[in-house]
Amino acid sequence: LLQVIDPDSESGATIFRDNSNNDTKRLIVACRGSANPKNFGTNLKFKLVPATRLSQPTPSGAMVHEGFQEASLGLWKELAKPLLSRIKEEEDATEIIFTGHSLGAANALLTSVHYRTAISSTSSLSRPSIVTFGGPKLCNDILARFIRNDALEGSTIVHLVHDKDPVLANNQKLWNDLGFQHVGIELQCDPNNPAVHTAAEEKPKSFFSSFAWNILDHCNYLGVYVGPRA
């Protein structure tokens, strides 16, 4: 339907309409992953800073990844007007989903917080769903609880990950040492097939499963390549 880019961070998002289900008309806000040097610079600004730029008051001690807070705010400024206008036009839409991969996953979660503040509480689309792929941890436990229980109360928040993703595997210790937390439910999925594993015993066993080294595996989720394209 439309595409926007924040000129400062060069984060981007595209709005789609999904008509594949006759009973459910969805709007999908897909936030783009890292595609240029500015995007990678955003990823590297990983210091936890006070969460003061999320369109609503947050609890004392709430901290968020500095780069993601800046990028999501800039992206929301570009996205807010066209998205809210489109929602008025799409009167039969019954669901809105924010999604993204990697940097796009972080932007999807945080822009959904901005969206929840801006949308009328009486709208049928007032509670977005958030589904991310290969997304980083991006805040401390205080902000994670606040987003889950207050800012996005009633929303479904799912983080799809897999063990072959080297970005996730090689950054877990750093994120844990810095006190980063996930906001929603983390589910393991298959990088090469459309399968989500709801229990550990469902995951296929492989000699190579403990090694995450191929950067392309960061871009393979559910049998789809979701990384940068020429």
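In the working numbering, the protein residues as written are 733 to 962.
Glycine is no exception: its CB is placed at the ideal position from the N, C-alpha and C atoms.
As the structure is a computational prediction, the values presented were derived from the model and not from experiment.
- In the DSSP assignment, Cys-871 is bridged to Val-796 and Gln-913.
- Where Lys-770 is concerned, the enclosing alpha helix (DSSP H) starts and stops at 769-776.
- In this structure, DSSP gives Val-958 a state outside helix and strand, which the three-state scheme calls coil.
- Checking the DSSP bridge columns, you'll see Leu-892 partnered with Phe-865 and Leu-919.
- If you look at Thr-849, you'll find it in the alpha helix (DSSP H) that goes 835-850.
- According to the DSSP secondary-structure assignment, Asp-750 is paired through a beta bridge with Arg-758.
- Between Leu-780 and Cys-871, the CB-CB gap stays under 9 Å.
- Relative to the Cα of Gln-788, the nearest Cα in the group Leu-857, Asn-902, Phe-912 and Thr-843 belongs to Thr-843.
- Counting C-beta pairs with one atom in each stretch, the stretch 895-910 and the stretch 875-883 have fewer than three that are closer than 8 Å, which means they do not touch.
- In the structure shown, Leu-906 falls within a helical segment according to DSSP collapsed to helix, strand and coil.
- In the three-state reduction of the DSSP assignment, Leu-807 falls in the helix class.
- Apart from the 5 residues on each side of it in sequence, Met-795 sits with its Cβ closer than 8 Å to the Cβ of Leu-780, Val-781, Pro-782, Ala-783, Cys-871, Asn-872, Ile-874, Leu-875 and Gly-911 in its chain, given in chain order.
- By the C-beta density criterion, Tyr-847 is buried, having at least 16 other C-beta atoms within 10 angstroms.
- Distance from the CA of Ala-762 to the CA of Leu-815, rounded to the nearest whole angstrom, comes to 12 Å.
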